Amino acid sequence: MQTTTVGLDLAKRIFQIHAVDASGNVVVRKALRRSQVLPFFTKLPPCLIGMEACGIASLGSRADGARP
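Take the UniProt record's numbering: the last position of the sequence shown gets the number 68, and nothing is skipped along the way.
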């Protein structure tokens, strides 16, 4: 199965990767450390990569937890 689409959840330390083939079957689902992300993508064939649009999404949960 060849990866056609990859979803990448950005974070400070651990990045979640979810990759599917042309039929939508899951090819890869894993967590990578920051140092592993570039080597992972250099091994992939050309494909569509989707990332979250809001780099501050994780801060919302921190702010909610800090409320009295």
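Don't be surprised by glycine CBs; every beta carbon is placed ideally from N, CA and C. Remember, it's a predicted structure, so these values are computed and weren't measured experimentally.
**OP:** Would you decide whether A19 is buried or exposed? Buried here means 16 or more other CB atoms lie within 10 Å of its CB.
**Re:** With a 10 Å radius around the Cβ and a threshold of 16 neighbouring Cβ atoms, A19 comes out buried.
Original post:
For V26, does the count of other Cβ atoms within 10 angstroms reach 16, so buried, or fall short, so exposed?
Top reply: When all chains shown are included, V26 counts as exposed.
**OP:** For I49, I'd like the list of residues in its chain whose CB is within less than 7 Å of its CB, leaving aside the five on either flank, ordered along the chain.
**Re:** Beyond the five residues adjoining it in sequence on each side, I49 comes within less than 7 Å, by CB distance, of V6, L8 in the same chain, given in chain order.
**OP:** Identify whether R29 lies in helix, strand or coil by the three-state DSSP scheme.
**Re:** Residue state, collapsed to three classes: strand.
Subject >> Residues that DSSP places opposite L48 in a beta bridge >> reply: When DSSP reads this structure, L48 sits in a beta bridge with T5.
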